[in-house]
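Residue numbers (numbering that gives the first Met the number 0): 0 to 163. For each residue, glycine too, the CB sits at the ideal point set by N, CA and C. For reference, the structure is listed below as structure tokens.
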Amino acid sequence: MEDRSGWPLTEPSDPATEIFNRLFKPDEDDMRWIQGHIDKHLKACRRYLRANPPRTIEALDEANEARMLAVAEGMVNIEPKIKFYKAECYRRLRRWKDAYRMYEECVVDAKDVYWLEAMRRFCKTQMLKPRKDPWLRRIECSENLQEEYKHDGIDEMTPFRQGW
0 MEDRSGWPLT EPSDPATEIF NRLFKPDEDD MRWIQGHIDK HLKACRRYLR
50 ANPPRTIEAL DEANEARMLA VAEGMVNIEP KIKFYKAECY RRLRRWKDAY
100 RMYEECVVDA KDVYWLEAMR RFCKTQMLKP RKDPWLRRIE CSENLQEEYK
150 HDGIDEMTPF RQGW
């Protein structure tokens, strides 16, 4: 349908957007390359977890890198695997709430369900234990502070609010 000037009544979609989508739509080679980089990060994560002594912080960084890459490219099918690696890192860091949450979000095969359920129970019992370890008490207090700041409408603690 056209108006009297000869122009179509409906606006065509933005040509720049169409060109961008056509040029940057990942093809099969791009997806293999992205999958390769995600696998590289997960292998590094596994290597850091198996190191003696384990380098858990670096492993968590690698898992986060893999997750960011997967989310950016819309590869949601690999995210449960990444969440499992993150859960392992959190468990080794004794961050029980985060580990429990990640184990909850993991989706695994039927043969691993019992093991995963045992890990969830273990994390939950660790969360509910009295905090004798000062390091664990400090982590829990910092998590409580972060929650308090979120409720105050403050996204991140400023040096003034931290008492520096």
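{"Check": "Cα-Cα separation, residue 47 to residue 27", "Outcome": "30 Å"}
{"Check": "Alpha-carbon to alpha-carbon, residue 103 and residue 96", "Outcome": "11 Å"}
{"Check": "Cα-Cα separation, residue 71 to residue 37", "Outcome": "11 Å"}
{"Check": "Endpoints, the alpha helix (DSSP H) within which residue 35 is located", "Outcome": "27-49"}
{"Check": "Closest residue to residue 74 among 34, 126, 125, 43 (Cα-Cα distance)", "Outcome": "34"}
{"Check": "Residue 77 - containing alpha helix (DSSP H), residue span", "Outcome": "Run containing residue 77: none; DSSP gives neither H nor E here."}
{"Check": "Exposure label - residue 101; buried when at least 16 CB within 10 Å", "Outcome": "buried"}
{"Check": "Whether residue 89 touches residue 65 by CB criterion (9 Å)", "Outcome": "no"}
{"Check": "C-beta atoms of residue 87 and residue 58 nearer than 9 Å", "Outcome": "yes"}
{"Check": "Reduced DSSP secondary structure (H/G/I, E/B, other) of residue 160", "Outcome": "Per-residue confidence for residue 160 stands at a pLDDT of 44, beneath the threshold of 50, marking its modelled position as unreliable; no derived number is given."}
{"Check": "Neighbourhood of residue 62 by C-beta distance below 8 Å, restricted to the same chain and skipping five residues each side", "Outcome": "40, 41, 44, 81, 84, 85, 88"}
{"Check": "Endpoints, the alpha helix (DSSP H) within which residue 98 is located", "Outcome": "95-104"}
{"Check": "Element boundaries [alpha helix (DSSP H), containing residue 92]", "Outcome": "Per DSSP, residue 92 belongs to no alpha helix (DSSP H) and is neither H nor E."}
{"Check": "Boundaries (first-last residue) of the alpha helix (DSSP H) holding residue 119", "Outcome": "112-127"}
{"Check": "For residue 52, three-class secondary structure by DSSP", "Outcome": "coil"}
{"Check": "Residue environment, residue 113, which counts as buried when at least 16 other CB atoms sit within 10 Å", "Outcome": "exposed"}
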